Structure formats: C-alpha cells, structure tokens
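Asks: One structure, as structure tokens, below. Some questions next.
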Amino acid sequence: MTANSLIINSPYDAPSAYWERDGKQMTLQQGRRPAAYEIFDTRNNTQRTEPLEQVNKIRQRVDEWRADGYPGVTSVTRQLLEHWHARGDWDPDACRWEGGPRQYPFYFCQLEAIETLIWLLEAQEQYRQGIFLSGDGGPWERICNKMATGAGKTSVMSLIITWQTLNAIHYPKDRRFSKAVLIITPGLTVKSRLQVLKPGHPQNVYDEFNLCPNEAMRQQLNRVELVIENWHTLMPLKEQARSVVKKGKESDEAFTRRVLGSLASERDLIVINDEAHHAYRQQAESKVSKKQAEELGIDLDEATRWIEGLDRIHKTRRIRRCFDLSATPFAPTGKSNTESGLFEWIVSDFGLNDAIEAGLVKTPRVVVRDDALANAKTYASKLYHLYREDEVKEDLNRRAEPTAPLPDLVQKAYALLAYDWKETAQQWQEAGHSIPPVMLTVCNRTETAARIEHFFNGGDCLIQETQAPDATLRVDSRVLEKAEQGETSSKDKQYAARLEALIKAAELPADKQADLLAMKQEEQLRTLVDTVGKRGQPGQYLQNVISVAMLSEGWDAANVTHIMGLRAFTSQLLCEQVIGRGLRRVSHDMDADRQFLPEYVNVFGVPLSIFQDASEGGEAPPPPKPSVRIEVEPGRNHLEIRWPNVDRIDNVLKPALVIDWQSVPTLTLDPAQTPLNADIAPSLTGSPNLAMVTEIDLERAVEEFRLQHLIFRAARKLYQHNQATFGGDKQYLAVQLIRLVEQFLSSDKLDIPSLWHQDPVRRRLLFALNMDTVVGHVNRHVTEQNVERQELIFDEHQPIGATAYMRPWLTTKPCAPTERSQISHVVYDSTWEKMVADICEDHQSIAAWAKNDHLDFKVRYLWRGSSRNFVPDYLIRLANGKTLVLEVKGQDSQQNAEKRTAMETWVKAVNEQGGFGQWVFDSVFEPAQTRDVIERHL
0 MTANSLIINS PYDAPSAYWE RDGKQMTLQQ GRRPAAYEIF DTRNNTQRTE PLEQVNKIRQ
60 RVDEWRADGY PGVTSVTRQL LEHWHARGDW DPDACRWEGG PRQYPFYFCQ LEAIETLIWL
120 LEAQEQYRQG IFLSGDGGPW ERICNKMATG AGKTSVMSLI ITWQTLNAIH YPKDRRFSKA
180 VLIITPGLTV KSRLQVLKPG HPQNVYDEFN LCPNEAMRQQ LNRVELVIEN WHTLMPLKEQ
240 ARSVVKKGKE SDEAFTRRVL GSLASERDLI VINDEAHHAY RQQAESKVSK KQAEELGIDL
300 DEATRWIEGL DRIHKTRRIR RCFDLSATPF APTGKSNTES GLFEWIVSDF GLNDAIEAGL
360 VKTPRVVVRD DALANAKTYA SKLYHLYRED EVKEDLNRRA EPTAPLPDLV QKAYALLAYD
420 WKETAQQWQE AGHSIPPVML TVCNRTETAA RIEHFFNGGD CLIQETQAPD ATLRVDSRVL
480 EKAEQGETSS KDKQYAARLE ALIKAAELPA DKQADLLAMK QEEQLRTLVD TVGKRGQPGQ
540 YLQNVISVAM LSEGWDAANV THIMGLRAFT SQLLCEQVIG RGLRRVSHDM DADRQFLPEY
600 VNVFGVPLSI FQDASEGGEA PPPPKPSVRI EVEPGRNHLE IRWPNVDRID NVLKPALVID
660 WQSVPTLTLD PAQTPLNADI APSLTGSPNL AMVTEIDLER AVEEFRLQHL IFRAARKLYQ
720 HNQATFGGDK QYLAVQLIRL VEQFLSSDKL DIPSLWHQDP VRRRLLFALN MDTVVGHVNR
780 HVTEQNVERQ ELIFDEHQPI GATAYMRPWL TTKPCAPTER SQISHVVYDS TWEKMVADIC
840 EDHQSIAAWA KNDHLDFKVR YLWRGSSRNF VPDYLIRLAN GKTLVLEVKG QDSQQNAEKR
900 TAMETWVKAV NEQGGFGQWV FDSVFEPAQT RDVIERHL
C-alpha cells in the first residue's frame, strides 16, 4: 500500500482491509467491509448507512461452505469450480501469473458471485439453514448479484451459463438446471456487446477465458439454447390502425413465440437480466412519481413492460429462475427520506468502494477544499456537490435558451476542471498519443446540456482548448433512447447537422464515412457514443461529452479523465450509477504485491463517500492501447507441433519378462549346417544334366527377409509360447518380446563362426532359417518378474495437444508476425524473448517453432506440497526431427530447479513411451547463450 493510493487489496483475493470515513478523515480498517449502502436524507440533510444483513449472513455461510470443500455440489460443478479457481503461479519479477489456464485469473468478486449462486442451489441444507430470500411478489424466483461497474458482470454471466448448461446436459432430470437461457438487456448497445456470450461467436468468452476444464465439456457447451434480446422486444405489439384484417390483441403464446424465437420450443427457462435495476415490479402500495423515477434513470413504463413480458413467458413456458445482475439494484419507493430501496433478493455485494479499493476501476479524486467560501451548512467545498448549492440548483432547473449563461459557480468550476483537463491532454500529446482524454458532464435536463454545449463551443470557457465544436458531443437523451430501442426519432435538423460535422471531423476512410452519413441520426449518435476513445472509429477524437441524466449502460470509454456532475445525488448508489461509466480502467498492469497500479479520474460535483484528495497528485492514465488478434495462420499445417497432454506420470509395478544375460549361454549358428543357396539341374533316369544347372540364392530375396519383419515373426512365436502363463496385459507382453528379440540379436550371445557370414544380409538369412532354434534358446532363459516403470496417464478428454488447436485471442503487448510458426504472431514480454524469436525465425536448422502462449502445453510439478503447472517458454522442432522444449530464465531458484526436474522426467517418459518422436529439454540463463543451447541438440 502506498500513502497516496486508495488501492489496498488485490483483485484476485478476498478483501482484507477497507477505508472508513470518519468525518473528513479516512482511516484504514482491517478485515472486509460489511455489505451496506449509504443514503442521503434530503429532508434533514444527513447521511446514514443501511447494512445489508442478509448479504453479510450469506457471505459467512459461503465462506464456511468454501472452506469445507463445497459439500453437496455435483461432479460437474466441482470440476468447474476447481478449473475456475486455477490461476497458476505469481511471478513477482514479471508481475504476472504463469502456468494458469487463462492469462488473467478471475477476480475474487466474480468467483464469489458464482459461488454464492451455486451455494444457494447446491449446498447441503445445513449451510443454508435460516436463509430465506424475499422475492419481488411475482410468480418466479429472482436472485441478484450486486456488482460494481468494472467488476466483470459479463464474465459472471458466462460462468452462470456454463454452470447451468453443463449440469443440465449431465443431469437432465435435475430441475435446478436448464440449458435454455434468455438474456434481457437494457438497450442495443449492451445487446451488441453480449453477443460474445454465444459459444459460436468468433470472440466468445468461453474460449477467451478458457471456461471449460476440457474440450469435451467445451463441445457440450455448444448445445446451449441461448437468445439475447433487447427489453423492448417484451413490449406488446401495437395493433395496426389502418389494417383491413383485425387480428386482435397478441396472445400470450404468439407473444412468447415472437420473443423467444429459437427458444420457443423449450420449457423451464433461466433468465439473466443485465442491468436488472430497469426491471422491477411496482408494488400496489408504492406511489412513485414519474419524475422521481426519471431522476433515478428509470423508465416506469420500461420497468413495468420488462416484468409483464417475463410474466407472460412464465405463463406459457415457465421461468425456472431469474438471475439479476446490476451495479445499482434499487427501485424508487416513493418515500422522500429513503429515495430508493435495494432489491430484497440480493445474495452478494461488491460495490463501488470495494472496486476502488481493489483497483478494478479508476480512483476518483474529488475537491475537498478550495480557497473560496465553503458551503454554509456542510462546510465542504462547494465544488464537492455543486448541484446542492441553491444558486446552481435554481438556475439549472429553469427553462432557458441554449445561449443563457451558466451559473457563475459552474463557470468557475469548469475553469478549474478544464484547466486540469488541458494539462492532461498536453501530457498525452507529448507522449505521442493521438487519442485525447475525455471530460464527461452528467447534467439534470436537456436545456442544461444545450447551455453547456454553447458554453464550450461559443468560447465562454476560459480555457480556449475546450472551444472545439468538432470534438464536443452533446448526447440528446431522446435520440439516444430511440437508438437503444431500435426505433426512429423525429429528425432535428440542427442536431443532425452537428452529428454530421462530428463524423466528418473523425478523419475516417471515405467509404466508412459515407456509410455513417447515410445512417439515421439515432444510429449515428449511438455509433459516436459507443466509439468514444476507440482508435480508428468515429468517436476517436471526441474530447468533451455532455450527457443528460446518465449515459446508457454498456458505455465503456476508458479515456475519461475528468467528470462534472450537475444534477441531484440522493444516494451513493446513484453516484455510482451516474459516474460508473467513466471509471473503467485503461490497463491492468500490476505491482509485485498483485495489486493494480492506480489510475485516476478527477470528479467535480459528485459526492462520493470514498475518494482521494485531488491535491494528492496522481498521473492521468494513458490512452487505450490497440489490440492484435493472435490466431492459427491458415496454410501453415506443415508447421504444426503436436505433444501428448500428460495428466500425470505414474511409477507402476508391472509384470515384465526379463533375461539374466550373464547366465545365457552363447548360441552358435553354424553356417555349415544352413544352406543359403543351391544349384539345381534337370534329371532324367537319375542322372542330372549339369550343363543346365541353375542357382537358387536366398540373398536375392533380401526384401523378403527384412530384419524388423523377422523380429516380429520371432516375437510371435515367443508370444505363442508365453501367452498362457503371462500375468500381465497381452499387448504389453508382445511389446516386451519384441524388445527381448532385438536385444538378443544385437548381443554377443549369438555367435556366427564365419567372417563371410557376418554380412548383414547373410546374417539375417541365417537368423530366418534358424528361427525356431533362436526362439527356443531365448525362451528357456525368459523369466517373469514385477518391475517399476514410468507410465504416462493422458488427459482423457484431450490426450493430444497441438499448435493447431489454439483458439484466437487478443493482446495489447508488443508483438510481430511470424513465418516459421503456425501461430500468426509472437508476443514479446521482454527483449530477450524477441531475440529468441528472431533466432527461431532465421536459423536454418529450425523447421518450426511456437512460443508457448495460450497453447496449453504444461507439465505438472510439485512445489511445497501442492501440484502446480510449469509452462515452458518455447517449443522448437529441429531439422533433425527432435522437438526442443526451451525455457528462458534470467535467474535460477529452487522452484525453477523443481520445474526442470519435472520437465526432464516428462521428456524421458514420453521418449520411452514412443509415438511422439524424440523430445529434448534445455534451459537458457544468459541471452548470449541462446543460439549455443539450441545448436547443442542439432
């Protein structure tokens, strides 16, 4: 932990500390923060914390259940949990994980979320005793995971789908599981992003994160019946007023078939509600005004239709259960003192404060003091919660023209924030970055957004660099809402002209620009919003985004460095919901303690409960890096490298045939007793005609007497002698007999007293013609005994691995295309690795090679009592047929020595087993020795 960082936990481990605010001071507390949420009482201007008692109780139960080894889970679930928890070894020097099934392990919060769901459905009753989930009053069960923005809800969805589908396939009569999955999203942006949840998608998450323990399960996962729909699909069809044929109201069955599509033939569905705070069942006793709901970013009609639509599906197909995922799972209650109430079916909680402390999101820095007069009631800086100041609130709530000046305090706040943004932009530019940082404003109403846009574009802001109309996007909430629904909005010519100007300023290729200009304005806006900060896309050069209320879910611009809040904030959940879109991290680099390096965003006007003092410094994050797709290159099958996937190597006792060679007497084959050729002549009345002599010479039939063929024939005869009495596997008996015959023929126990007959061909002929003598001699000295030998135990689901099996993946690390590898690119983790790659590409005696990255080639070894994976660096196929496993290490250690011992054992066992060619292993400890080590095996 550093003094100027709020990051105190590793994202991969359970939180062990948290910050607690005591007045204006934050103190570090040990242990995990209890699940709770904070509420501002608008009547008394006070703040209080509401504990989530049920969640805290469930946390304790899940911890106990986990510690006891997940009693009660199915065999499939146990395999999945073990695989999902596997993360390899932490390399503190390289600050990365090595040897795990995926590049980045799952976050603790992701594993806890799926574990809690599994606990609820599969744990033994004793672990769930006394826990009762309140529903929403509807006919189907709801379970909610509360997870902050940036915590990885999409990954949790993929874990749910994998868990449910594979169990449903293996246990088709178990009603806890279903492979029929319906995902409902809040808009087209999220629907588009969640397509990666389909197993057949080229960038599907199941392959990217290696969710299945083996290939057989991965193939079974393809049998999932999955439909992803926008919530607007749940709206009832409008009857066409001018239609001649009056079809009447859409029936429940017709509605179900239309919504479910390919899922219509399935029953007992599971539903996943993404951003589930949009879907709540309004209780009869609650009186929620439309205005109050809108302030919370909730459309009452949307919430009602979302739930009503699922009710209709439940009526016709039955919803087995619904999994809700949301960072802010609350609904308005109609009570002014609480403003909102959390869903009562929440089972796990990892909120924004937890995410900040684990480094999953940027660290927000707010203004805690300035050199002007503070707020008279709270004594806090007026910039802390701008909208609460009377002069600001009254002015921003009046109807005003776009040219009306902003309140004086807001103008001064923008001057400070914009100046800091300008400094950050200059730093990015000096570093050679083409994508600018973004200043995001979230305001209360459309008129305010128009005034802010005019304030910047008209040059009223004191910082001139913010006067950039071609880089300033005002998000018209009405147009964006239509875009998210896939509907058409009435065209605002002035707004449409602004969007076209932004598209033309994006410096896109002519064909791409023409396609965008041909779109409807709502599609243009959605494209601009979705691509803020993305290189080569329409929104790449945007630097100022002004939004009403909040941006749509799914917006993930990572280059937001400054946020201005100009609206009411009545709870910490609302703060999280509003600014969560601007907190996504750029990079995921870690320090030696497995903690993310801090990234910062400066925030004005959003009263967060956990933040860092803006005066404490902190570098703004770098812009997003471009990614490269690593894949198997078509047309390079000749460069494929294959290997056995060895689960373990067992030392086993097996009955074996042995010969005590010391006691075996020499067998002499006398050539004088073995004719190799004969002369024949026609005979009449017993007198041969010597003038017509012809020769029969077995030497001419050399192809009929190939040595390997003769050895197999001799072994077959021995097999017939021994098969009745041999106690082991018959196939193993045949292999041993072949080996014994080969040993005898190459030993000094076979004597041929003639130099002329030492010729290989004549020697083979003597052996063939005296085979029964040889077999009888060997058989008299064969005995059976138990011997210890190494036996390969292959992965039963995928016994053979190959470079051709690698699934595509993306990287932001430096890399270069290859020519002698079946893998398209090699990724450099160091300059040394680049040197090795260059040698492999240029050396004439290297036939093919691959860096062992995402290939899943690993060797098990034991370290400090636990089994771990050793992932060597390179696989190199040499021109002489050998396959070299090369490990590059800058420093040696006892653990590395254990890895080498395991690798040498693997090589020896694989070579003894046969069938995979000859393998060798070596290590390089000095870069200059790399070429010498490789050539050692040529």
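Numbers 0 to 937, taken from numbering that gives the first Met the number 0, label the letters of the sequence shown in order. Where a beta carbon is used, it is the ideal one built from N, C-alpha and C, also for glycine. Please read all numbers here as calculations on a predicted model, not as lab measurements.
1) In angstroms with no decimal places, state the Cα-to-Cα distance between LYS888 and GLU114.
2) Run the CB neighbour count on PRO235, radius 10 Å, all protein chains shown included, and call it buried at 16 or more, exposed below.
3) What distance in whole Å lies between the Cβ atoms of ASN543 and ALA470, which are believed to be in contact at a cut-off of 8 angstroms?
4) In its own chain, which residues sit with a C-beta less than 7 angstroms from the C-beta of LEU110, not counting the 5 before and 5 after it?
5) Give the list of continuous beta strand (DSSP E) stretches no shorter than 3 residues that lie fully inside the stretch 303-365.
6) Short of 6 angstroms in beta carbon distance, which residues of its chain neighbour TRP420, apart from the five on each side in sequence? Order them along the chain.
7) So what does DSSP say about THR161, is it helix, strand or coil?
8) Quick check on the DSSP output: the beta strand (DSSP E) that includes ASN910 runs from which residue to which?
9) Looking at the secondary structure, which residues open and close the beta strand (DSSP E) in which ALA847 lies?
10) So the candidates are VAL360, ILE269 and THR817; which of them puts its Cα closest to the Cα of ILE159?
11) Under 7 angstroms Cβ to Cβ from GLN894, same chain only, skipping five residues before and after it: list those, please.
12) Shortest alpha-carbon distance to ARG304 belongs to which of VAL223, LEU324, GLY350 and PHE254?
13) Between ALA417 and VAL547, is the Cβ-Cβ spacing less than 7 angstroms?
14) What alpha helix (DSSP H) runs, 4 residues minimum, are completely inside the stretch 167-194?
15) Do the CB positions of GLN789 and ALA908 come within less than 7 angstroms of each other?
16) Drop a sphere of 10 angstroms on the beta-carbon of LEU516, count the other beta-carbons inside from all chains shown, and report buried for 16 or more, exposed for fewer.
17) With distances taken Cα to Cα, identify the nearest neighbour of ARG819 among GLN917, ASP12, LEU765 and LEU638.
18) Which of helix, strand or coil does DSSP assign to GLN890?
19) Sort LYS314, ASN221 and HIS276 by Cα distance to ARG266 and report the nearest one.
20) Who does GLU50 pair with in a DSSP beta bridge?
21) Which one of THR440, GLY30, ARG31 and LEU187 has the shortest CA to CA distance from ASN601?
22) Whole angstroms is fine: what's the gap from LEU259's alpha carbon to HIS276's?
23) Would you mind reading off the limits of the beta strand (DSSP E) that contains ARG876?
24) Verify the contact flag: GLN59, CB atom, against every heavy atom of the ligand COA, threshold strictly below 6 angstroms.
25) Considering only residues of the same chain and omitting the five flanking positions on each side of SER74, which have a CB-CB separation below 6 angstroms?
26) Does DSSP put TYR17 in a helix, a strand or coil?
27) Identify which residue in ASP510, GLN536 and ALA500 has its Cα closest to the Cα of GLN520.
28) In this structure, does DSSP put TRP139 in helix, strand or coil?
29) For MET834, name the three-state secondary structure that DSSP assigns.
30) Helix, strand or coil: which one does DSSP assign to ASN8?
31) Do the stretch 112-130 and the stretch 86-101 make contact, defined as three or more Cβ pairs closer than 8 angstroms?
32) Would you kindly work out how many angstroms separate the C-alpha atoms of LYS361 and ALA13, rounded to a whole number?
33) Give every residue of the same chain whose Cβ lies closer than 6 angstroms to the Cβ of ARG31, excluding the five residues on either side of it in the sequence, and list them in chain order.
34) Quick one: give me the first and last residue of the alpha helix (DSSP H) that PRO759 is part of.
35) So for ARG738, helix, strand or coil by DSSP?
36) Which value, in whole angstroms, describes the spacing of the CA atoms of TYR827 and ILE271?
Replies: On the basis of the data shown:
1) Against the sequence shown, residue 888 aligns to sequence position 889. Against the sequence shown, residue 114 aligns to sequence position 115. Taking the straight line from one Cα to the other gives about 37 angstroms.
2) Sequence index remark: in the sequence shown, residue 235 carries index 236 (1-based). So PRO235 ends up on the exposed side.
3) Reading the sequence shown from its first residue, position 471 is the one you call residue 470. Reading the sequence shown from its first residue, position 544 is the one you call residue 543. The Cβ separation is near 6 angstroms, so the contact holds.
4) As a working note, residue 110 is residue 111 in the sequence shown. TRP83 and HIS84.
5) Within the stretch 303-365, the complete beta strand (DSSP E) runs of at least 3 residues are 318-325, 329-331, 339-341, 345-349 and 362-365.
6) Stepping through the sequence shown from its first residue, residue 420 is reached at position 421. If we look at TRP420 and ignore the five residues flanking it on each side, its Cβ neighbours are MET438 and HIS561.
7) The sequence position of residue 161 within the sequence shown is 162, counting from 1. THR161: helix per DSSP, three-state reduction.
8) As a first step, residue 910 must be located in the sequence shown, where it is residue number 911. Segment 893-912 is the alpha helix (DSSP H) holding ASN910; no beta strand (DSSP E) there.
9) Against the sequence shown, residue 847 aligns to sequence position 848. That run of the beta strand (DSSP E) goes 845-850.
10) The sequence position of residue 159 within the sequence shown is 160, counting from 1. Of VAL360, ILE269 and THR817, the residue nearest in Cα terms is ILE269.
11) Counted from its first residue, the sequence shown places residue 894 at position 895. Residues TRP862 of the same chain have their beta carbon placed closer than 7 angstroms to that of GLN894, with the five preceding and five following residues left out of the count.
12) In the sequence shown, counting from the first residue as 1, residue 304 sits at position 305. Just measuring C-alpha positions, the residue of VAL223, LEU324, GLY350 and PHE254 sitting nearest ARG304 is PHE254.
13) The residue given as residue 417 occupies position 418 in the sequence shown. The residue given as residue 547 occupies position 548 in the sequence shown. Against a cut-off of 7 angstroms, the Cβ pair of VAL547 and ALA417 comes out as no contact.
14) Qualifying alpha helix (DSSP H) stretches, in chain order: 187-192.
15) Locating residue 789 in the sequence shown gives position 790, counting from the first residue. Locating residue 908 in the sequence shown gives position 909, counting from the first residue. ALA908 is positioned such that its CB atom lies closer than 7 angstroms to that of GLN789.
16) Start at 1 with the first residue of the sequence shown, and residue 516 comes out as number 517. Exposed is the call here.
17) For the purposes of this step, residue 819 is taken as the residue at position 820 of the sequence shown. The residue with the shortest Cα to Cα distance from ARG819 is LEU638.
18) On the sequence shown, position 891 is the one that residue 890 refers to. Residue state, collapsed to three classes: coil.
19) Within the sequence shown, residue 266 is the residue found at index 267, counting from 1. Nearest C-alpha to ARG266: LYS314.
20) Stepping through the sequence shown from its first residue, residue 50 is reached at position 51. The identity of residue 50 in the sequence shown is Pro, whereas the question assumes Glu. According to DSSP, PRO50 shares a beta bridge with ALA35.
21) Start at 1 with the first residue of the sequence shown, and residue 601 comes out as number 602. Minimum Cα distance to ASN601 is reached at THR440.
22) In the sequence shown, the residue the question calls residue 259 occupies position 260. In the sequence shown, the residue the question calls residue 276 occupies position 277. When the Cα atoms are used, LEU259 and HIS276 turn out to be separated by approximately 22 angstroms.
23) As a first step, residue 876 is located in the sequence shown; it is residue number 877 there, counting from the start. First-last of the beta strand (DSSP E) with ARG876: 873-877.
24) Of ligands this structure carries none, so the ligand COA is not represented either.
25) Here residue 74 refers to the residue found at position 75 of the sequence shown. Nothing meets the Cβ criterion.
26) Counting from 1 along the sequence shown, the entry for residue 17 is found at position 18. In the three-state DSSP reduction, TYR17 falls in the strand class (E or B).
27) Along the sequence shown, read from residue 1 onward, the residue named residue 520 stands at position 521. Measuring from the Cα of GLN520, the nearest candidate turns out to be ALA500.
28) As a first step, residue 139 must be located in the sequence shown, where it is residue number 140. Coil, per DSSP.
29) As a working mapping, residue 834 is identified with position 835 in the sequence shown. In the three-state reduction of the DSSP assignment, MET834 falls in the helix class, which pools H, G and I.
30) Numbered from its first residue, the sequence shown carries residue 8 at position 9. In the three-state DSSP reduction, ASN8 falls in the coil class, being neither helix nor strand.
31) A contact is defined here as three or more CB-CB pairs under 8 angstroms, and the stretch 112-130 fails this definition with respect to the stretch 86-101.
32) Residue 361 sits at position 362 when you count from the first residue of the sequence shown. Residue 13 sits at position 14 when you count from the first residue of the sequence shown. Distance between the alpha carbons of LYS361 and ALA13: 19 angstroms.
33) To locate residue 31, count along the sequence shown from 1; it is residue 32. Here the set comprises PRO14.
34) Reading the sequence shown from its first residue, position 760 is the one you call residue 759. Boundaries of the alpha helix (DSSP H) harbouring PRO759: 759-768, taken from the DSSP string.
35) To locate residue 738, count along the sequence shown from 1; it is residue 739. DSSP places ARG738 in helix when its eight states are reduced to three.
36) Residue 827 sits at position 828 when you count from the first residue of the sequence shown. Residue 271 sits at position 272 when you count from the first residue of the sequence shown. Annotation: TYR827 to ILE271 spans about 39 angstroms, alpha carbon to alpha carbon.
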